[in-house]
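What follows is one structure encoded as structure tokens, with my remarks underneath.
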Amino acid sequence: MRLPVRANFGFSLLVILSTASATNLVLDGESVQSPADRLYDQVIFWEGKNRPDMVRKTLDRMLSSYPDDPRGLAILIELEAESGRKDAAQAAYDRLARVKPDYPELAPLKDLASLSANDRIRLRRAVQLTRNGNPQQAMNDFDQLFPHGPPDGPEAIQYWEIKSKLPNGWSPALTAIKNLIRKYPDGYAYKLAYAKLIANRYPADSTNLDQLQIMATMSPPFGDDARQVLRGAMLDLPELGVDTRTRLQSFIKQDPEDSAIQIKLRAVEKAQSRYHALITSPSYLHNQQAREALRKQQYAEAMRYYSEVLETRPKDLEAVSGTGYALMRQSRFTEALPWFQKSLDLDPVNRKKWDSLIAACQYWRQMKIARQQSAAGRFDEARKTIQNVIRLNPAESEGYALLASVEIDQGYYGEARKIIGRLPADRQAILEQEIARKRSAASQKLADDLVVKGDYTGARAALVKALRDTPDDPWLRYRLARLYAANGESDKGSGLFDPWLYTMFRDSEAFYAAALYQSGIEHAVTALAILEKLPVSQRTEKITTFQRQIWIDQKVEQVLGWQKSGKTKEATEELRKIQLQVDSDLILLSNVAYAWNELGNHDQANALLLRIKRDSTKDLPLGWHLRYAAYLLRTHQTDPAQQEIEYLEAHRSEFDEKQKIAYSKLENSRVVAYAEKLEREQHYTEAETALGPVLDTNPEDQEAQTLENLLQRKTGNLDKAIQGIEKELAVDSAAPAAYESLAQAVLSPNRVTSSTNSNGLNDDQKEISLAEIGITAHETESAMPSTTGDSWQYKNLAEMQDERTTWLSVGGDVVTRSGTPGQSQFVSHQIPIELKGPAGVGGEWFVRSDQVDVGAGTLNLADTYATETFGSLLICQQHNNCPTPVSQYAFGRSYTVGYMDEQNRLDVGTTPIGFPIQNWVGGIRHTGDWGPYSWSAELARRAVTETLLSYAGTIDPRTGQLWGGVLSTGVKLGLSLDQGGNWGYWSNFGVHQLTGTNVQSNTETLLMAGVTRRLINEEDRLLSTGLTGTVWHFTQDSGEFTYGQGGYYSPQFYTSLAVPLTYAQRYTRFSYMLRASVFTAWARTNASPYYPLNPLYETLAGPGANYNTSAGTSFGYTAMANMEYQLSTNLFVGNSFSVVRSPYYAPNYAILYLRYAIDNTPALPVGLQPTPGIIPTSQF
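As structure tokens, this is what we get:
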């Protein structure tokens, strides 16, 4: 099909040259252009030059040689029709229909050929009708003349210009013109039609105006047409447009006599001058600042700006009405009212608006008065005021709601329900809940009163009644459960939470209350199980602290149980592991310290508690100091205890009720400790004198009573001692110290002063527990409740939103690898948590914390080779005096912060704090493009996580010295060529220095390169294969586990070749990827000494203490499966599993993760090749 008559002034240079020349090039095996094609191109060329004479001449030549060419016949139809030669046009159409009945535009051409002279007049009239504002009639004429739609060419342009004038017609017209431009990319008339449509709708579109200016420079008639369109756009430019003045000035330079443009320019200059004067005036600026303050709800600030305006412009409508609005938003309705009345005087045209605001002020002013009356208990006055409010606006429901609230406050629930029935359903529900809360509160108060009177049965009944009113109150359930437990019905208390806790969504407070109850009845395992069911994202700091406290209490209880059953070694080893796990939590570490004391390691306990006190970066809780002071008194550390007590004395004003009771008991304990000191020094009379005030004020104090009984025995008052001990037993029938004292007093009355235990108490029986000082082990904070009240079409939008979303991600990562126990065997569990959010333009910040535990098992001493190749055990093995190695295990938590954007990534953090060896790590990475290539550069310092020795470091059993904790520091460069097509190429090169604690230094060089071939490369499906090659080199072998070696694989030469195969598929909310590869590798490791950094050890080890050279070829395979599922618009779950299998290396990897968009922004859909949404920081 030909171009429109007014086609492009000229095709691109390439088109002109190709049509003017013989066009005889052969490209990629295509045949030489036929003579008919060359003639057709010449016809199109002359059409583009707007030379109808040459079009006709060339077309005649074409049809004389090729009379049945459908393209030529189509052009002939249009030429004859435009010339008004209907018969000739019809004859051409008949011939085209005969020779090419399936020609694509045959039907529109038939309509064109059949046009009569009158039809032509109707077409011209249709254009005129559009200009006169009657496009619908024009469209009716066109539809009648072209029932099959207009043919390409001038008729199509006229048709779509008319269509654009109709309602909802502009967008379809624009789309149709775009399609014609795609079909005829050099068609000038179509491009001009497109520009005209844009100019009609968006005259200030700068891109379109720039294009029209270029078109206007062309030779007539093309340039003239473009200039007319441009002139129309100029006249329609907004007066206050940013570049309106500049564009008008530029246009008028080309035609200084254009009076309409001159008038437009003068109007623009005046408007912009007025606007500039306005926006630079202080009043305008203050009004603008006031509007911004209102937007931010800073009402006092807004009023300050408005007052400055009103000083000079007292009738400024915006300042007057804005002041009223600011007052109204502050509930200052009486003050707001005159401002709206003044607004009405200034702007009577908008009376309806101001009358509405005046009425609103009057209504809410009365509502405010009614609320104040109700709050003051003046309910009758409140009712009268509310009735007046309702008369002001009977249709407003707030008055009825407030009246119902007044009845509820007085307990008139029946009257309230009569009013509630008139309210919307949502308000009815709210007020019904308020009735239930009031009834429940009354029942709970009754229960409190009954507890004070000792009527626990009545209290339970009252709380049961309260629970019927507010069944979803977890703390009401907690209180009732505690009463059941106190009555020996703990299972009944548990039944209040199970199954209620799981029947529907419950908030974190419900889980906390249930767990707190279970902990209180000493069901720690059940408490932990409850909290484990609470999603991590919902665990508050209070709940996390509580959970960890339960966990460590359980662990410590287990350790003490082992110690009591004679398993002292196991207890000590387990407590050491626990200490490593909680090393960064000073509060939990205190529990470990007290456990060390229980195990008899007093020095360790004291050292640990002193370290906690020294290393705390903020004030430790007062509860911690209370417990520490009690411990110091119990262990007879008088001076440090006195310092703690003085500290507590200085902070007495900060005590809560429990802490006041605890401090009182602590003061008693201090007196008792002093009396015990006197007793040990055999100053019995002075001891009794010191103890007297404690017994006078606290006769039930068991600690003081026990000491008093001892003193009575030692001073010979056996009858009095027996009476005191019997009294102890009456208070606590399980008090072992009392039984011991009673036995001594009754059976050995003549040997009282020779007792081997001077006070009759063991340390563990004298301990002041957390419960004794008024703070339960799991209740360091108050246990009361808080008081504070997909479709793929969105993919591009989601990608932008994803960059501006705050993400919380958490994962659980497991790595296992078989090997020699205590050496290369490796098991790690990592729980990374990451919070990531937007920073600046296109950037993101992130903070991470990883909980990490790694293990390597326990060295088998029966394995001679394994023993002699670990640490420096070879030296002692020769003398059969090696210590027993402990299990290789480390626990810690790492912390990382960072920033990243499209081209950069920066992070800094630590290796896990709690590992034997800790280091700072981090890196910086930058990426960019170099023509079609992509490149990257990274400078980083990372932990080598291959084994426990290389990652965490360990202790040489023989010497107790640390070694390991290897770091890799260096640079890595990458270069790739991959545009997402069927082929991709990549490579990277890195050089790193490896260092560690008491580990020989090493240099690593790594070169990798590969090619990817995508066999299936669809938007939602991929199948690819490729080839990957690796060359790897270390200057020396440091892959062994003797002292000075690093425990990481470090061949002197390694080369491998792998063939991977990947298949991935994506659905709307789910994607998965399967990948497998086979590889072959050749490696050589040179000989290395057992102790590369210690010649003395080498000498002591004797000859042969070297690792031999090894080399060989291996084959293996890898397999991996990843998936991700979009649970909702902002929550994703995914996992990854992979294995590697070769003769000497067979690790297994798995990770399960969740990532959550905190601000509920619809996130980017699942990726075609899903990768874990979070990985451990150690894998950076």
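In terms of mature numbering (1 follows the signal peptide of the UniProt record, and there is no 0), the sequence shown is residues -22 to -1, 1 to 1158. Heads up, the beta-carbon is just placed ideally off N, CA and C, and yes, glycines get one too.
Query                                                                                                                                                           : Result
Along the chain, where does the beta strand (DSSP E) that runs through Ile811 open and close?                                                                   : 804 to 817
Could you tell me if His254 is buried or exposed, where buried requires 16 or more neighbouring beta carbons within 10 angstroms of its beta carbon?            : exposed
Report yes or no: do three or more beta-carbon pairs, one from the stretch 906 to 916 and one from the stretch 1001 to 1008, lie closer than 8 angstroms?       : no
Looking only at its own chain, which residues have a Cβ that is under 6 angstroms from the Cβ of Gly7, when we skip the five neighbours before and after it?    : Summary for Gly7: the model assigns pLDDT 41, below 50, so the residue's position carries little reliability; its value from the coordinates is reported in the next sentence. Hits under 6 angstroms: none found.
Start and end of the beta strand (DSSP E) containing Glu822?                                                                                                    : 821 to 835
Return the bridge partner residues of Gly1094 from the DSSP annotation.                                                                                         : Phe1057
Mind checking Ser61: buried by the 16 CB within 10 Å criterion, or exposed?                                                                                     : exposed
So the alpha helix (DSSP H) Lys362 belongs to, where does it begin and stop?                                                                                    : 357 to 370
Cβ of Tyr873 within 8 angstroms of Cβ of Leu884?                                                                                                                : no
To which residues of the same chain is Ile528 closer than 7 angstroms at the C-beta, ignoring the five residues directly before and after it?                   : Ser497, Ala502, Ala505, Leu506, His756
Among Tyr1032, Asn646, Ile336, Gln1104, which residue has its Cα nearest to the Cα of Thr1063?                                                                  : Tyr1032
Examine chain D for any beta-carbon lying closer than 8 angstroms to the beta-carbon of Gly906, and answer yes or no.                                           : The displayed structure is made up of one protein chain only, and chain D is not part of it.
DSSP three-state call for Gln406: helix, strand or coil?                                                                                                        : helix
Measuring straight from C-alpha to C-alpha, what distance separates Thr663 and Asp674?                                                                          : 17 angstroms
Is the beta carbon of Leu215 closer than 8 angstroms to that of Arg225?                                                                                         : yes
Give the DSSP-derived three-state secondary structure of Ala1128 in the structure shown.                                                                        : strand
What would DSSP say about Asn1084, mapped onto helix, strand or coil?                                                                                           : strand
Have a look at Ala1135, Ser1114, Gln1157, Phe1158 and flag the residue whose alpha-carbon is nearest the alpha-carbon of Thr1149.                               : Ser1114
Do you know how far the Cα of Pro1029 is from the Cα of Ser1092?                                                                                                : 14 angstroms
If you draw a straight line from the alpha carbon of Val442 to that of Lys416, how long is it in whole angstroms?                                               : 15 angstroms
On the DSSP letters alone, give me the boundaries of the alpha helix (DSSP H) that Ala177 sits inside.                                                          : 166 to 179
Ordered along the chain, which non-local residues of its own chain (more than five positions away) have a Cβ less than 8 angstroms from that of Leu685?         : Val650, Ala653, Glu654, Glu657, Ala665, Leu669, Asn737
Who are the near neighbours of Ala1054 in its chain, counting only those whose CB is closer than 6 angstroms to its CB and skipping five residues on each side? : Leu1039, Ala1097
Which one of Arg936, Gln536, Trp823, Ile408 has the shortest CA to CA distance from Thr847?                                                                     : Arg936
Should Trp342 be labelled buried (16 or more other beta-carbon atoms within 10 Å of its own) or exposed?                                                        : buried
Note down, one range per segment and in chain order, each beta strand (DSSP E) of at least 3 residues found wholly within the stretch 444 to 505.               : none
What does Phe1048 pair with, by DSSP beta-bridge criteria?                                                                                                      : Tyr1103
Beta-carbon within less than 6 angstroms of Leu409's beta-carbon, same chain only, minus the 5 sequence neighbours each way: which residues are those?          : Ala382, Ile398
What residues match up with Leu1039 in a beta bridge as DSSP calls it?                                                                                          : Thr1003, Ala1054
Compare the Cα-Cα distances from Thr842 to each of Asn110, Thr798, Arg361 and report the closest residue.                                                       : Thr798
Could you check which residue in Ile176, Leu689, Lys88, Asn146 has the C-alpha nearest to that of Ile155?                                                       : Ile176
Considering only C-alpha positions, which residue in the set Gly988, Gly1082, Arg795 is nearest to Thr923?                                                      : Arg795
Pro316: beta carbon under 7 angstroms from a heavy atom of the ligand NAD?                                                                                      : Ligands in the displayed structure: none, and consequently the ligand NAD is not present.
On the DSSP letters alone, give me the boundaries of the beta strand (DSSP E) that Gly900 sits inside.                                                          : 898 to 908
Tell me, please, which residues DSSP counts as bridged to Pro1067.                                                                                              : Asn1084
Does the beta-carbon of Ser787 have 16 or more other beta-carbons within 10 angstroms, so that it is buried, or is it exposed?                                  : buried
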